[in-house]
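Some notes on the structure that comes next.
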Amino acid sequence: MASAHLIDSLQGQISSCEAQLQDLRRQLAEAQYSQQEEQRGRPNADPLAFDFSHGIHDDFRSEIEAVLSHTARAPLPSERWPLNRNEYRRYGRQLIMPEVGLQGHLRLKNASVLIIGVGGLGCPAAAYLAGAGVGTIGLVDGDVVEESNLHRQILHSTARVGMSKVDSAMVALHSLNPSVNLVPYKDRLTPETAISTIQDYDLVLDCTDTPASRYLVSDACVLTGKPLVSAAALRIDGQLMVLNNPPLPAGDTAGGPCYRCVYPKPPPPESIETCGEGGILGPVVGVMGVLQALEAIKVLTRSAPVSGDGVVTAEPPSLLIFCAYTNPMFRSIRLRSRKAKCAACSAQATITPEALTSGSLDYVQFCGSIAPVHALNSDERISAENYAKVRFDVNPFTGFEPKNDSHILIDVREKVQYDLCNIEGSVNIPYSAVTRIPARSGNTKSAEDPEWIAELKKLPEKPVFVVCRKGNDSQITVRKMKELGLDNGGQRWIGDIKGGLVAWRQNVDKEFPDY
Amino acid sequence: MSDPKNDEFAITVEFSGGLEMLFNNERKLSLKIPTKDDSGERSNVAFLVRYMCDNVIKDPRKELFVLDDTVRPGILVLINDADWELEGEDQYELKDGDNILFVSTLHGG
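Residue numbers (full-length UniProt numbering), protein chains in the order written: chain H, 1 to 515; chain P, 1 to 109.
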């Protein structure tokens, strides 16, 4: 079986590499063709040059030349029209839109956009911006492509698992549109590098995935005067804001609000879920990334709208909320303007370029992090290996054969995860159901107690083992069960499996699925 | 207080961005809340938040909704589709038919 998998995988990789090679050959052929075309059209393209140098009165000649001077200076076919032939063809469908037109397209072509994060948001955003002919696209990401990225991070591919996300995205974007200048940054953005990275660009997309990076990107955009298109997604929900738009200096109340104006304080770390924990539907994050590209195109192609009194205006700030399972799916909310006491963009701003580049601002600390859970003593925990002995080995003291029903194994992952894979004989009590039980002390009964509590009480002798995905929720559950008096004042052992199913897979059952 | 029908009004409360998990996975609730708070003042959003903590929220993890007597950082409160900062924040006085949306910030990408 294993070798069949290997053969499949190798065949897949070979055909993927062949497709890439084929694509590169096609690109090379195109590049050679357009080079030939250019050379063919270049020399002596001005038919008037010959006639005018023979037998024509000097005054008349200089008059005509003056009239034609600008065309005389632009004899190349590529300069005859504002765009070259390929560009007219490639961008024709967007060029004929009044919202873009020739001027809008030239703005895109001369523009530079920095995409921070080349994941679920950054991939679709980059694809559409490269497709639209944005002149320069910078890509920032320190991660490598993982298999679990591929359902949503559409620039990466199975063959490029393990490659840096920036390199992988460059392969895909180059093959989509070879004329875009791509600039790689294969490290995470840090406070020290943020300003120097961002200042060369016209506009920034925040496609990152942590609160700390979102505050950092926003602060750096305020300090460098760049508009910021910020989006986020989790499960079935998405959010989108255009911030610091217009990007006026700190203290100018006509400027657009920044991330700190909307969220002055970071959320408590225990309220934060990642896509790895909460899950994400591919098209949900895709839709948000595509909308970021759209907002970027709108900002870049805008012909500086100036109101009567000469002030640059922009759309009033708003937050777009997307939910895949409500009707309607989109909802737009009016946001506040710049906050009078904002730490980043007000006249009283305390966040300075020096503070950022010196590294004295610690964004990770500002947002906090969840301390590892240490809710249990060591005698309330068992390693995955030792739990395996409980299941599979003869008891060395009693000589009893192992039996699954000698104990109770409770899996506290949510039901949808439990249904994916579980240890045989385990019982599912989702953690959300555990946390919903109000705190109380002692072995008191409550009318609202769920059935599983009664079930456990019916088997007062059997030890209870609790397992979860990583070994945190299981500890909290053990604490809760003891609070509820399920350990009969210490007569029944209740404890958790250290490291959860991750440890179970690593140390006991290598075939237990990794999702 | 002669007419009991005037003692409460109907409002809609909605949740987005994962907050619905604290409210039994319901994204939209129709609530009838008293027109006046305990001290006889007209009910405002601060009162609504207290009322929800005492009467509506099922999950004991109330700290994921309220911190220091107000909505925790990372939750936007929107009154009739506008940031509550535009409407007087928690001092906004509720009226019949209001829509209050609580949005938890997302960070995934």
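Quick reminder that beta carbons are idealized off the backbone N, C-alpha and C, glycines included.
Since the structure is predicted, the reported quantities are computational estimates derived from the model, not experimental observations.
Collapsed DSSP secondary structure at residue i in the structure displayed
i                      : result
S53 of chain H         : In this predicted model, S53 of chain H has a pLDDT of only 45, less than 50, meaning its place in the structure is not dependable; the value taken from the coordinates is given anyway. Coil, per DSSP.
D83 of chain P         : strand
residue 111 of chain P : Nothing can be reported for residue 111 of chain P, as the shown portion of chain P is limited to 1 through 109.
C345 of chain H        : coil
I476 of chain H        : helix
V464 of chain H        : strand
L102 of chain H        : helix
R73 of chain H         : In this prediction, R73 of chain H has a pLDDT of 47, which is less than 50 and means its spatial position is unreliable; nothing more can be read from the coordinates.
Q239 of chain H        : strand
E192 of chain H        : helix
R331 of chain H        : strand
P47 of chain H         : Bear in mind that a pLDDT of 39 at P47 of chain H, under 50, signals an unreliable position, so the number given afterwards is only what the model happens to contain. In the structure shown, P47 of chain H sits in coil (DSSP, three-state: anything other than H, G, I, E or B).
V166 of chain H        : helix
F512 of chain H        : coil
T136 of chain H        : strand
K36 of chain P         : strand
V67 of chain H         : Summary for V67 of chain H: the model assigns pLDDT 49, below 50, so the residue's position carries little reliability; its value from the coordinates is reported in the next sentence. In the structure shown, V67 of chain H sits in a helix (DSSP, three-state: H, G or I).
CB contact check: residue i to chain P, cutoff 9 Å
i                      : result
I437 of chain H        : yes
I382 of chain H        : no
Q348 of chain H        : no
P197 of chain H        : The sequence given here has Thr at residue 197 of chain H, not Pro. Chain P, which has no Cβ nearer than 9 Å to the Cβ of T197 of chain H, makes this no.
G122 of chain H        : yes
Q239 of chain H        : yes
W452 of chain H        : no
residue 526 of chain H : Residue 526 of chain H lies beyond the residue range present for chain H, which begins at 1 and ends at 515; the question has no answer from this structure.
C323 of chain H        : yes
S432 of chain H        : yes
T326 of chain H        : yes
V373 of chain H        : no
Selection from the options that minimises the alpha carbon distance to residue i
i                      : options                           : result
T352 of chain H        : H:G368, H:P316, H:P191 and H:E448 : H:P191
residue 141 of chain P : P:D37, P:P60, P:T70 and P:E89     : Because chain P here runs from 1 to 109, residue 141 of chain P falls outside it and cannot be looked at.
N110 of chain H        : H:G122, H:A347, H:P82 and H:I382  : H:P82
C421 of chain H        : H:K389, H:W504, H:G359 and H:G485 : H:W504
L243 of chain H        : H:W452, H:P266 and H:L319         : H:L319
L108 of chain H        : H:G122, H:E87 and H:F330          : H:E87
D141 of chain H        : H:V166, H:G135, H:L121 and H:A159 : H:V166
L29 of chain P         : P:V66, P:I75 and P:L19            : P:L19
A296 of chain H        : H:G495, H:L205 and H:D23          : H:L205
R413 of chain H        : H:E385, H:G485 and H:G500         : H:G500
V66 of chain P         : P:A82, P:Q91, P:G109 and P:F102   : P:F102
M21 of chain P         : H:Y431, H:K298 and H:F465         : H:Y431
F392 of chain H        : H:L335, H:E424, H:P249 and H:S9   : H:E424
R331 of chain H        : P:V45, P:D54, P:N25 and P:D81     : P:D81
L114 of chain H        : H:V161, H:P316, H:T197 and H:A172 : H:T197
H151 of chain H        : H:A433, H:L121, H:P438 and H:S175 : H:L121
V434 of chain H        : P:R61, P:T35 and P:E26            : P:R61
A388 of chain H        : H:K498, H:V478, H:L456 and H:L376 : H:K498
G74 of chain P         : H:Y418, H:P227 and H:I272         : H:I272
E354 of chain H        : H:G251, H:A375 and H:L223         : H:L223
C345 of chain H        : H:P227, H:D209 and H:V416         : H:P227
N149 of chain H        : H:C123, H:A127 and H:A371         : H:C123
Beta carbon proximity, residue i to chain H, threshold 9 Å
i                      : result
V103 of chain P        : yes
S16 of chain P         : yes
residue 191 of chain P : This structure gives no information on residue 191 of chain P, because the portion of chain P shown stretches from 1 to 109.
E8 of chain P          : no
D90 of chain P         : no
I100 of chain P        : no
E93 of chain P         : no
I11 of chain P         : no
D69 of chain P         : no
Sheet register partners of residue i (DSSP bridge)
i               : result
R25 of chain H  : For R25 of chain H, which the question treats as bridged, DSSP gives no partner whatsoever.
C261 of chain H : Its beta-bridge partners do not exist; DSSP assigns none.
I408 of chain H : H:V464
V427 of chain H : H:I410
E14 of chain P  : P:K28 and P:L101
R42 of chain P  : P:K36
N181 of chain H : H:T136
In chain order, what residues of the stretch 38-62 of chain P put their CB closer than 9 Å to some CB of chain H?
-> Against chain H - using a Cβ distance shorter than 9 Å - the residues of the stretch 38-62 of chain P are K58, D59, P60 and R61.
Residues of the stretch 246-274 of chain H with Cβ closer than 8 Å to any Cβ of chain P, in chain order = V262, Y263, P264, K265, P266, P267, P268, E270, S271, I272, E273 and T274: these are the residues of the stretch 246-274 of chain H whose beta carbon lies less than 8 Å from some beta carbon of chain P, given in chain order.
Which residues, in chain order, does the stretch 199-220 of chain H contribute to contact with chain P at a C-beta distance below 7 Å?
-> Here the close residues are C207, T208, D209, T210, P211 and R214.
Chain P contacts from the stretch 278-300 of chain H (Cβ-Cβ distance under 9 Å) = Answer set for the stretch 278-300 of chain H: G278, I280, V285, M288 and G289.
Closer than 9 Å, Cβ to Cβ, to anything on chain P: give me those residues from the stretch 226-237 of chain H, in chain order.
-> Under the 9 Å Cβ criterion, the stretch 226-237 of chain H contributes A231, A232, A233, L234, R235 and D237.
Got a sec: which bits of the stretch 16-37 of chain P sit with their beta carbon under 8 Å from any beta carbon on chain H, in order along the chain?
-> Hits within the stretch, in order: S16, G17, G18, M21 and R27.
Closer than 9 Å, Cβ to any Cβ of chain P: which residues of the stretch 328-352 of chain H, in chain order?
-> Of all residues in the stretch 328-352 of chain H, the ones placed with a Cβ closer than 9 Å to any Cβ belonging to chain P are R331, S332, I333, R334, L335, R336, S337 and K339, in chain order.
Contact set between the stretch 99-130 of chain H and chain P, restricted to residues whose Cβ is under 9 Å from the partner | Along the stretch 99-130 of chain H, going in chain order, the ones with a CB nearer than 9 Å to a CB of chain P are G117, G119, G120, L121 and G122.
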